[in-house]
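Residue numbers (my numbering): 984 to 1208.
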């Protein structure tokens, strides 16, 4: 799904609150570089790609809507998030949010696939549909979305497919996600993994996390706290 941030050349984090899509041109950058563009010493205050000045709230929404008109999958997903939370001056509208998530999923957004899958599992906004739930989780996982991979593991576990669930959790952990680690520990305690296998998984997870670290990203996290 993601590779390196095109500004700092450090791998994009797996957690979706640690990277952003620029509404002016749609490019994906890490939260550290986004924070530096807005607040960094010597920053031009413009997008590093298209040189558009960093948008204020009204410009932000206008730019996002223009990207949606161009079928930008990730910006469409982001707009769904804004409607879901009622942020950026938009009204809180869960139904509108789901419509945008569904559109973004069809356009290829892995994050949107996971959100759509969860909606089909809970049945809050749409009628529950297990086959669509699994379909969208599988699509998200294939696109590299760690939440989709994790939830797909939970679905397999609920059906008794423990070995397949463990396989998904191992992949998610190797991507740098901590969410599957309690499940992996439980599998180790049940004898499904050797000590060496369990240790290798933990090391792979930590390597992925270390590869994603940067000073700017830490500053960005603290500024949001």
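Where a beta carbon is used, it is the ideal one built from N, C-alpha and C, also for glycine.
{"Asked": "Assign residue 1208 to one of three DSSP states: helix, strand, or coil.", "Found": "Because the pLDDT of residue 1208 is 49, which lies under 50, any placement of that residue in the model is unreliable, and the question is left without a value."}
{"Asked": "Would residue 1152 pass as a contact of residue 1133 if the rule is Cβ separation under 9 Å?", "Found": "yes"}
{"Asked": "For residue 1199, count neighbouring C-beta atoms within 10 Å of its own C-beta (all shown protein chains included) and say buried if the count is 16 or more, exposed if not.", "Found": "buried"}
{"Asked": "Which of helix, strand or coil does DSSP assign to residue 987?", "Found": "strand"}
{"Asked": "Tell me which residues share the same chain as residue 1208 and place their Cβ nearer than 7 Å to its Cβ, disregarding the 5 neighbours each side in the sequence.", "Found": "Its pLDDT being 49, under 50, residue 1208 is placed unreliably by the model, and the measurement read from it follows with that caveat. For residue 1208, where only same-chain residues beyond five positions count, there are no Cβ hits under 7 Å."}
{"Asked": "Helix, strand or coil for residue 1058, going by three-state DSSP, please let me know.", "Found": "helix"}
{"Asked": "Assign residue 1029 to one of three DSSP states: helix, strand, or coil.", "Found": "strand"}
{"Asked": "Considering only heavy atoms of the ligand FAD, does any lie closer than 8 Å to the CB of residue 986?", "Found": "In the structure shown, the ligand FAD is absent, as is every other ligand, since no ligand is present at all."}
{"Asked": "State the CB to CB distance for the pair residue 1206 and residue 1018, rounded to an integer number of angstroms; the pair is presumed to be in contact (CB under 8 Å).", "Found": "6 Å"}
{"Asked": "Measure the alpha-carbon distance for residue 1075 versus residue 1163 and round it to whole angstroms.", "Found": "31 Å"}
{"Asked": "Going by beta carbon distance, what residues of the same chain come within less than 8 Å of residue 1157, once the five residues before and after it are set aside?", "Found": "1184, 1187, 1188 and 1191"}
{"Asked": "Determine, using beta carbons only, whether residue 1160 and residue 1040 come nearer to each other than 9 Å.", "Found": "no"}
{"Asked": "Assess, as a yes-or-no matter, whether the region 1104-1117 is touched by the region 1076-1091 under the definition of 3 or more beta carbon pairs within less than 8 Å.", "Found": "yes"}
{"Asked": "So the beta strand (DSSP E) residue 1011 belongs to, where does it begin and stop?", "Found": "1011-1013"}
{"Asked": "Let me know the secondary structure DSSP gives residue 1165 once reduced to three states.", "Found": "helix"}
{"Asked": "Helix, strand or coil for residue 1003? Go by DSSP, reduced to three states.", "Found": "strand"}
{"Asked": "Among 1022, 989, 1111 and 1102, which has the Cα closest to the Cα of residue 1009?", "Found": "989"}
{"Asked": "Starting from residue 1121, trace the alpha helix (DSSP H) both ways and give me its first and last residue.", "Found": "1113-1125"}
{"Asked": "Given this structure, state the Cα-to-Cα distance separating residue 951 from residue 1081, to the nearest angstrom.", "Found": "The chain is shown only over 984 to 1208; residue 951 falls outside these bounds and no answer can be derived."}
{"Asked": "Just to confirm before moving on: does the CB-CB distance between residue 1072 and residue 1044 stay below 9 Å?", "Found": "yes"}
{"Asked": "Residue ranges of each alpha helix (DSSP H) run of no fewer than 4 residues wholly in the region 1130-1185, ordered along the chain?", "Found": "1145-1157 and 1164-1172"}
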